[in-house]
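Undergrad: What follows is a single structure, and I will ask about it in a moment.
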Amino acid sequence: MRQFTLFLRLFNWFTVRMLKRHRWRVLTVLLGISLGAAVFTSVRLSIGASLDAFTRSMDLIAGKADWTVTHHGGRVPEEFVAPLLRAPGVAAASPILTAYVHPAEDRGSESGMEAPPFLLVGIDPILDRAVRSWGVEGGGPGRISGGTDLITDPGAILIGKPLAELLRLKTNDRLPLERLRSAQKFRVAGELTTEGLGLAEGGKIAVADIATLQEFTGLIGVVDRIDILLKPTATKQDVERIRSLLPPGVVLERPSEARESGKMMIRSYRLNLSVLSFVSLFVGMFLVYSLIALNARARRRELAILRSIGATPRMIFLLFLTEGGLFGVFGWLAALPISTFMVRRLLSGISGAISHLFVRVSIDRLNLDPWEIALSLAATTGISALAAYQPAREAMRASPREAIDAEGGDGAERTSPRRLAALGALLIASVWPISRAPSPPELPLPGYIATFLLFSGFSLLSPWCLQFVGTRVPPLLRRIQGEPAYLAGRYVRDAGTRTAISVGALITAMALFTALATMVHSFRKTVDNWANESISGDLFIRHQMSETNQYRDPLPEEVVRKLIEIRGRGGVDILPYRRIPLRFGGHPYHYEALDMDVFRRRSRFLFVRGDAARALEKLARGEGVLASEVFASKTGLGVGDRYRAVVEGVAIDLPIVGIARDYRTQGGVVWHSLRALEALTGKREWTGARMFLSGSTEQERSAATENLRSELIRDCAERYPVAVTTGKDLRGEIMRIFDETFAVTTVLLLIALLVAALGITTTLTLLVIERKRQLNTLAAIGAGRNQLRSMILWESLLMVGVGEAVGLACGFALSYILIFVINRQSFGWTFIYSTDWSSVLMSLPLILLTALVAAIPAIRLVLGYSPAMALKE
Amino acid sequence: MMMLGCMGRTAILMLALFVMGWWLGEPAVSRAEDPDYPRITGPCNCHFPKDHGPHPDYKTEWWYYTGNLKSVDGRRFGFQLTFFRSRVLPPGAEASWPDPKSAWRAPQVILAHAALTDIDGKRFLHAEEMARAALGMAGASIEPATGAVDIFVKDWRVRITPETHELRAAADDFGLDLDALPERPPVLHGDAGYSLKGSTPERSSCYYSFTRLKTTGDIILNGEALPVTGESWMDHEFSSAPLEPGIAGWNWWSIQLANGSDLMIYLLRKSDGTFHPASGGTLVDARGKAVHLGADDVRAEATGSWKSPHSGAVYPERWKIFIHPKAGDKELSLTVAPNLQDQEMRTPGTTGVTYWEGSISVEGSMNDAPVKGVGYMELTGYEKAFDAPM
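Residue numbers (my numbering), protein chains in the order written: chain L, 357 to 1229; chain U, 23 to 412.
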């Protein structure tokens, strides 16, 4: 206890007073740490909210089901409900049909707000009672207020409270929704209670009788799936008996399979953004390190005195470690209001990116998960304490003898820069083989380890680089800029790890900037290239909610007939396609059958592997399939492997003839010939079509496109829920989504750079102030102010120059890892490498300027001091 | 002493209406009579086997089986298996359905209750099923050629042929697989089946019973089939009339005496504790001759009660019943005791109705001759009064 009291008093005298004296320095470090902590916390909370919303929604919609009967790539015929209900071991079987629907335009204008799409769930209210919990305001659980409304009124729906509030609806109001052939007005029969289904999709949900939804969507005779609740006495044999009732293509699976694959994708995204946001915290660590390290060195004699009057090395160690830890705690506390501000802004960006990339999420609340809060506190405090560890160890080595040593010493152990560089080179050399190691699914662990080794390796190179520059450059500098520049070079050579640490921070930030700028640039350029080559076409027609509803709804027959009629007129090439969501093992992907003859004439796959010409020949003949790079990465299948799937109840077993780029869906795509599919299934169903117009000039083609678009809107879009988009608009939309998705990344990157800039500023300021005596000695022996100023500016220039050069090298290496390792391991795709020279070249002078500007106030401060006083001290 | 009114066996019909009305969200008893449904205002002109089958235009219909059985080793069981048919839309409403229409559109819902009382094992097991009459999930039909009637929901089923009634139900923890052979022709209640249920002629139903069915088959308990034999009782009733308001609950008995006589009586309990005059019963003698009982012909006195540890409801389970019909010379005095106290049906997951329905034993005298028997008793409205506003 006495020891503890003594420690507290010592901490107050030694540390707190010192920190109070240097308030601005402390505040700068705290700002850096709190920014890092706020970014880390708000990113984690925002993704956590998406994950929570997705999981809750899936669970609420899945209900208590033990098993579910689904048909990958299709729907389950409704006649299986009755046999399942009678099957031994089955306690309940409930069919469900869902569709995202859009309120008709007039609803949006009535309420004065944009009418959002929402999930309409079709269930049998009788069979569903045992599987899902839901209730109606004013009724009991599972009870339908208003009599037999859902079952007897083909236009009755129950709506979630948040949806009712959003659309300003109350019981018995009419809600027009667009349907296959015309708009239908639904009657709001009541509000769902805030439980079970009423909470799914954040309450932006409506429930109708399954008959109502079948008639509304035209999906007569089928359901999405049948959820099954088993009796407690059910055996494995009962499950097998259920399986035996199902035809080929219809499968019995655990309802958690879809949920788990969605969760895994979001978790993978969370890991990526967490790592990215952790960089801000990591850069903040350099800030804490440089402040505490400089303090420890500047106060070496005080430490020696403390030791001589009885303070133990352990106590000294703890003083510095506690200082670091407290920076973490106060930085974290300061991060709370910043996080509150940030999370509100990040939430929509991150949930939007998740919806674009993986699964649709609708966030209704932000959970303050105690685990996330504890993690952010632990990470911030841990990082800060870790930053203080090395200076604390150096400080504890201060001997009482140093108290009477007039020169004092900085006590730092000198490790040879050459040895550090050798170690660094070793780490850098290990990066490539480690990054090639196999990674767990959706977890780019080898990529992250390689990244860490790369950062560490290049940081270890920095003392040697500084020494090298400080040795080789000064003679040259003397000739060009005279003695101040020469002395600056010498200082850089002799400063050793003091400057190496801040240069390390700069290397990290610069490398990250270069790598991410290169990655985003490469990605954008590749996507742009892909969109123009593979998503070519002048006009696109598809179901209005095709993406939201997972491309499950084919174009209405009338629209297909119209397209065929247009094709018959000539002057227009039509490329129809059928897109079907399927699963390979537990992995979701899309099967897309294309009219290969038209595709080959008008469009182009960006091949990654395989002989393009031969592959296209085989594709056109229906003798093989083409897999997207994502599909190949996720499934491990490659060129020559067999692709086996059941599509529309028909088994397909074909070789993969090539691998091509695709960036539409994280699950990947498998392309097949539409003609071959139609021959196999005997059905002609199109999910959508692209149109290519003829015209000798661009102007002619534009005019023809506009004319055809008007015709299609008049004859199709005004009658059926189809969207007609020009190719230009669609590709613009793809790039808009891309930019939105990477907006979060850019924000995180800028914050990391801001923290790094704070670090450089603080370090340079401290380095100048620390050399107060040295600089004033120079002044006393005749150095002019301009000479001193020039010397310090050259020091800054050399340090920042080395940091930028090494950071650039590290950044380019990192960009390779990001593009060819981490992206492949996380998302399954790679891009065509392309450097964003304009951003990189623009950043170099900006960072340099920041560093130089940062040095100016420090110089002024030092030169404002009386040399006599400084020398006397 | 409780005073009785006069009427047919309204009790079960009320339960049927209530159960379906409750699920559909509003008590059927609260509705005024719906003019879109056919009404019963006069003779039913029952013709069998046609009238064993469904009468789909009427709002409500039920086929109700209860019985007391014994296994070969003497274990005693009681069972109940009831199928309700409810029409949720008036006839002709189908015309307004969309075209093409979904196969899930159906005007009928079939609901079933099953219960097994393991008297010696002191266990009461019960279950229920419900589905719309569509897509082979449930239905009620008659084959015109053979007159065979099929009523089913999921894998629960009753099939009525001219020879037998086949009963099948498989719940989680018990099952019934029974064949019931009528020992007597059906007994028409009320006025040749026209059973007045209220103060006006249209508050009525068509109602008949098989009061004795020789029953054989299996009871499935703990996964084991136990061969059983015994006697069952079957009621069949249909109507579109809503229940009269102000009724808080009812008591009903079906009793088969060892001397060959059968008795059905019911009490309709009003909210003020008195009994609706539309109560009564039927006494059938050993030769099958039925005598209608009016309210003044029946007296019943509760002699003991049981409090449910599940719902907290207090049920008058023990009774003394006195029958002295004005129209005949028979006098009947019976003491009624439950074969198991806890035969409370609770359906919180589906209908939410809680009532007591179970196997009973009776003894007493008929025209001074000692008599014993078995039967079934139903006690409703004790957990909470049925809210039946007009």
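Even glycine gets a Cβ: it sits at the ideal position worked out from N, Cα and C.
#1: What does Arg-127/U touch in chain L if you count any residue whose Cβ is under 7 Å from its own?
#2: Is there a C-beta anywhere in chain L that falls below 9 Å from the one on Gly-245/U?
#3: Our contact map puts Ile-930/L next to Val-954/L with C-beta atoms below 8 Å; I'd like the distance itself, whole angstroms only.
#4: Quick one: which chain C residues come within Cβ less than 8 Å of Lys-587/L?
#5: Does the segment 436–455 of chain L come into contact with the segment 167–177 of chain U, if we say contact requires no fewer than three beta-carbon pairs (one atom in each stretch) closer than 8 Å?
#6: Distance, Cα to Cα, Thr-63/U vs Pro-207/U?
#7: Of the choices Pro-944/L, Ala-976/L, Gly-1024/L and Arg-1000/L, whose alpha-carbon is the least far from that of Ala-983/L?
#8: Going by alpha carbons, who is nearest to Gly-404/L out of Asp-725/L, Ala-690/L, Tyr-1172/L and Tyr-645/L?
#9: Could you round the C-beta distance between Gly-403/U and Gly-271/U to whole angstroms and report it? I think they count as a contact, below 8 Å.
#10: Kindly list, in the order they appear in chain U, the residues whose Cβ is closer than 7 Å to that of Glu-609/L.
#11: Have a look at the DSSP bridge pairing and note the partners of Trp-275/U.
#12: Rounded to whole angstroms, what's the CA-CA distance from Leu-364/L to Thr-371/L? Just pull it up for me.
#13: So which residues of chain U does Arg-442/L contact, with C-beta pairs closer than 7 Å?
#14: On the criterion of 16 or more Cβ atoms from any shown chain inside 10 Å, does Met-866/L qualify as buried, or is it exposed?
#15: Glu-571/L versus chain U: which residues are under 7 Å apart at the beta carbon?
#16: Go through its chain and collect everything with a Cβ distance to Thr-186/U's Cβ below 7 Å, but skip five positions before and after it.
#17: Just to make sure I have the definition right: I need the residues of chain U whose C-beta is within less than 7 Å of the C-beta of Pro-510/L. Which are they?
#18: So, is Phe-697/L buried or exposed, given that buried needs 16 or more other C-beta atoms within 10 angstroms?
#19: Would you list, in sequence order, the uninterrupted beta strand (DSSP E) runs of no fewer than 3 residues that lie entirely inside the segment 119–150 of chain U?
#20: Do Met-875/L and Asn-1179/L have their beta-carbon atoms positioned less than 9 Å apart in this structure?
#21: What residues of chain U sit near Ala-534/L, judged by a beta carbon separation below 9 Å?
#22: Who pairs with Arg-1057/L in a beta bridge, going by DSSP?
#23: Tyr-87/U: which of Leu-289/U, Arg-181/U and Arg-97/U sits nearest, CA to CA?
#24: Between which two residues does the beta strand (DSSP E) harbouring Asp-1009/L extend?
#25: Taking 9 Å as the CB-CB cut-off, is Asp-580/L touching chain U?
#26: Going by alpha carbons, who is nearest to Val-437/L out of Ser-301/U, Arg-154/U, Ala-324/U and Ala-134/U?
#27: Counting Cβ pairs closer than 8 Å, one from the segment 88–97 of chain U and one from the segment 114–127 of chain U, do we hit at least three?
#28: Would the beta-carbon of Val-595/L fall within 9 Å of that of Leu-575/L?
#29: Counting only the same chain and skipping the five closest in sequence on each side, list residues whose C-beta sits under 7 Å from that of Phe-1098/L.
#30: Would Trp-369/L be called buried (16 or more neighbouring beta carbons within 10 Å of its own) or exposed?
#31: Measuring CA to CA, which of Val-1111/L, Phe-676/L and Leu-1114/L is closest to Ala-649/L?
#32: How far does the beta strand (DSSP E) with Cys-228/U in it reach, from first residue to last?
#33: Would you say Gly-403/U faces chain L, with C-beta separation under 9 Å as the test?
#34: Starting from the C-beta of Ala-312/U, find all residues in its chain whose C-beta is less than 6 Å away, skip the five residues before and the five after it, and write them out in chain order.
#35: What would DSSP say about Met-159/U, mapped onto helix, strand or coil?
#36: Show which residues of chain U have a CB atom less than 9 Å away from the CB atom of Asp-913/L.
TA: In brief:
#1: Neighbours of Arg-127/U on chain L, chain order: Ala-567.
#2: At a cut-off of 9 Å between beta carbons, Gly-245/U contacts chain L.
#3: In this structure, Ile-930/L and Val-954/L form a Cβ contact; the two beta carbons are roughly 7 Å apart against a cut-off of 8 Å.
#4: Any reference to chain C falls outside this structure, whose protein chains are L and U.
#5: Taking a cut-off of 8 Å for Cβ pairs, the segment 436–455 of chain L and the segment 167–177 of chain U touch, as three or more such pairs fall below it.
#6: Taking the Cα positions, Thr-63/U is about 25 Å away from Pro-207/U.
#7: From the listed residues Pro-944/L, Ala-976/L, Gly-1024/L and Arg-1000/L, the smallest Cα separation to Ala-983/L is found for Gly-1024/L.
#8: Looking at the Cα atoms, Asp-725/L is the closest of the given residues.
#9: Between Gly-271/U and Gly-403/U the Cβ distance is about 2 Å, and since that is below 8 Å, they are a contact.
#10: Per Cβ cutoff of 7 Å: no residues; Glu-609/L is ~23 Å from chain U at best.
#11: Answer by DSSP bridge pairing, in chain order: Ile-287/U and Met-399/U.
#12: Roughly 10 Å separates the two Cα atoms.
#13: Residues of chain U with a Cβ closer than 7 Å to the Cβ of Arg-442/L are, in chain order, Lys-176 and Asp-177.
#14: Looking at its Cβ environment, which holds 16 or more other Cβ atoms inside 10 Å, Met-866/L is buried.
#15: Per Cβ cutoff of 7 Å: Pro-120, Lys-123 and Ser-124.
#16: Residues of the same chain with a CB within less than 7 Å of the CB of Thr-186/U, apart from the 5 flanking positions on each side, are Asp-201, Ala-202 and Leu-203 in chain order.
#17: Here the neighbours are Trp-119 and Pro-120.
#18: Exposed, since its Cβ has fewer than 16 Cβ neighbours within 10 Å.
#19: Listed in chain order, the complete beta strand (DSSP E) runs (minimum 3 residues) inside the segment 119–150 of chain U are 130–140.
#20: Yes; because the gap between Cβ atoms is below 9 Å, this pair is in contact.
#21: Per the sequence shown, residue 534/L should be read as Glu rather than Ala. Correct list: empty, because the minimum Cβ distance to chain U is about 16 Å.
#22: Paired residues: none, contrary to the question.
#23: Checked all of Leu-289/U, Arg-181/U and Arg-97/U; the closest Cα to Tyr-87/U is Arg-181/U.
#24: That run of the beta strand (DSSP E) goes 1006–1016.
#25: For Asp-580/L, the answer is no, since every Cβ of chain U falls outside 9 Å of its Cβ.
#26: The shortest C-alpha to C-alpha distance from Val-437/L to any of Ser-301/U, Arg-154/U, Ala-324/U and Ala-134/U is the one to Arg-154/U.
#27: Counting Cβ pairs under 8 Å, fewer than three are found: no touch.
#28: Judged by beta-carbon spacing, Leu-575/L lies beyond the 9 Å limit of Val-595/L, meaning their Cβ atoms are not closer than that value.
#29: Closer than 7 Å at Cβ, skipping near neighbours: Val-876.
#30: Counting Cβ neighbours within 10 Å, Trp-369/L comes out exposed, since fewer than 16 surround it.
#31: That would be Phe-676/L, whose Cα lies nearest to the Cα of Ala-649/L.
#32: Segment 226–243, the beta strand (DSSP E) holding Cys-228/U.
#33: Not one chain L Cβ lies under 9 Å of Gly-403/U.
#34: Non-local C-beta neighbours of Ala-312/U in its own chain, meaning closer than 6 Å and more than five positions away in sequence, comprise Val-209, Thr-304 and Val-306, ordered along the chain.
#35: Reduced to three states, the DSSP call for Met-159/U is coil.
#36: Note on identity: in this sequence residue 913/L is Glu, with Asp being the wrong assignment. Under the 9 Å cutoff, chain U gives no residues; its nearest Cβ is about 14 Å from Glu-913/L.
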